[in-house]
Structure formats: structure tokens, C-alpha cells
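K.L.:
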Amino acid sequence: MAETHAQRDADADEQRRFRSTLAMFATGVAVITAPRAQGAPVGITVASFNSVSLDPPLILFSVDRRCLSLDDLCATPRYAVNVLEASQQDLSNRFARANSGKWDGIGIAPEGSGQAVLLPDALATFECEPYARHDGGDHVIFIGCVVRHRARPDGRPLVFFGGRYRVLDETPAAA
Ligand SMILES: Cc1cc2nc3c(=O)[nH]c(=O)nc-3n(C[C@H](O)[C@H](O)[C@H](O)COP(=O)(O)O)c2cc1C
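Position 104, counted from 1, in the sequence shown is what the working numbering calls 104; the numbers after and before it change by one each time, with no gaps.
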């Protein structure tokens, strides 16, 4: 029994260490949105967004199997990736909290099925049709085919690094 507890502690320690090492990869922050047949749309904060392919235009993100939104995301015919701006830390936190009235006070009328739901003032948006879904251990990997995208190149990104939000220092790296 004591050994089982020790093993569990060691596993938890290793998982924390793995997370900390992963956190050395600086990312942006995005909110995945999708319409639901009924009720408020899906909205979930992710840092796992990445590009995959130019031809066809593919992107990916991964979703924890424990997320309440997973079934709706698997079923939706259209989802969107909303890349957050430096000033949108509150939105990131809001969509990272399950069961929390994520859309309260956000002036977006849920659109009909098949339509994208876009967050206002995002730095970039990618509207996607589901392309593939893969097993990713305790996550599910979503690959989306981009059908429409737009960017605000004058904006500044919200950055996530070392488990904390950061703002980008735009000083060019030394040659
Ligand atoms: C900066 C940040 C990045 C995150 N990245 C991911 C991610 O890539 N995948 C994921 O499944 N959850 C990620 N999360 C956690 C989810 O946003 C969180 O579990 C959310 O509550 C899920 O919502 P739901 O349970 O209502 O579906 C992240 C949270 C934060 C704050």
C-alpha cells in the first residue's frame, strides 16, 4: 500500500516536471468556438493551436478528454480558432473555466448550425471544417481545414510561457 502511494507521488511529480518542461515552449492563446444546436456556443481556451499544412490549409489543436465541450466539438460541422490579443487575458480565463456562464455579457448572438461563432477583437480568426480527429492519449487531436481566415496585423498577441501570461517584447532578435 505504502509503495502504491509512493508510486502515485512519483507519477504526479513526473507529470508536474513534464508540464514545466513543456511550458518552456512559448505559445499564443486561442479560444476554440463552435455553435451548439441548443444553448450557448462552445468556447474553450487552448494553447495547443498550431499550423499543419498549407495545401490543403490545415491547423490543429488538442482537447483534454475531460473537457465538457468535447462531445459538442466532435459533433459540430464548423468550429473557429480565435487568436487572442494581449488585452484579452480576461477572455482567456473566462473560457478556461468549465461550467461558468462563459458567454455571459458577451454580445454575440449564437448563429445557426454550420455557422461560425467569432469573438470580437480577436487578433486572428480561422474558420474551419472538421478534417480529421486523432487519438492523443488523454487528449483528442483536432485537425481543421481552414475555409476562411482574417488577421489584424497591427495587434499584439497574448503570449503564454512558463505557465504565465506574457506580452511580446517586439525587439528583433540579434542577427
Ligand atoms: C492558457 C491556457 C491554455 C490552455 N490550453 C488548453 C489546451 O490546449 N487544451 C485543453 O484541452 N485545455 C486547455 N486549457 C484548459 C481549458 O481551457 C479548460 O479545461 C476549460 O475549462 C475547458 O472547458 P470545458 O470543460 O467547458 O469544455 C488551457 C487553459 C489555459 C488557461
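Built from N, CA and C at the ideal position, the CB exists for glycine as well.
(1) Cβ atoms of Ala-80 and Thr-45: under 8 Å apart, would you say?
(2) Would you kindly work out how many angstroms separate the C-alpha atoms of Val-29 and Leu-84, rounded to a whole number?
(3) Have a look at the DSSP bridge pairing and note the partners of Arg-133.
(4) Can you grab the Cα-Cα spacing for the pair Phe-160 / Pro-153, in whole Å?
(5) When you compare the region 94–109 with the region 125–145, are there three or more beta-carbon pairs, one atom per stretch, that lie closer than 8 Å?
(6) What's the C-alpha gap between Val-52 and Asp-138?
(7) Could you check the C-alpha separation between Arg-19 and Ala-26 for me, to the nearest Å?
(8) Determine which residues share a DSSP beta bridge with Arg-177 and list them.
(9) Check for me: the beta strand (DSSP E) holding Ser-62 runs from which residue to which?
(10) Let me check you understand the geometry: is the CB of Phe-18 closer than 7 Å to at least one non-hydrogen atom of ligand 1?
(11) Have a look at Gln-115 and Gly-162 and give me their C-alpha separation to the nearest angstrom.
(12) Tell me the residue span of the beta strand (DSSP E) that contains Ser-51.
(13) Which same chain residues end up closer than 6 Å to Phe-49 when comparing Cβ atoms and leaving out the 5 residues on each side of it in sequence?
(14) Identify every residue that forms a DSSP beta bridge with Glu-14.
P.N.:
According to the structure data:
(1) Result no, Cβ atoms of Thr-45 and Ala-80 do not sit closer than 8 Å.
(2) Their Cα atoms are separated by approximately 6 Å.
(3) Among the bridge pairs identified by DSSP, Arg-133 is matched with Phe-142.
(4) Inter-residue distance for Phe-160 and Pro-153 is about 19 Å (C-alpha atoms, whole angstroms).
(5) Taking 8 Å as the limit for Cβ pairs, the verdict is that the region 125–145 does not touch the region 94–109.
(6) About 21 Å.
(7) Each residue's alpha carbon lies about 13 Å from the other.
(8) Nothing in the structure corresponds to residue 177, since the chain is present only between 1 and 175.
(9) Here the beta strand (DSSP E) through Ser-62 covers 58–64.
(10) Taking 7 Å as the cut-off, one finds no heavy atom of ligand 1 near enough to the beta carbon of Phe-18.
(11) The straight-line gap from Cα to Cα measures roughly 35 Å.
(12) Element bounds for Ser-51: 50–53.
(13) Taken in chain order, the residues that qualify are Ala-30, Phe-61, Val-81.
(14) The partner list for Glu-14 (beta bridge, DSSP) is empty, contrary to what the question assumes.
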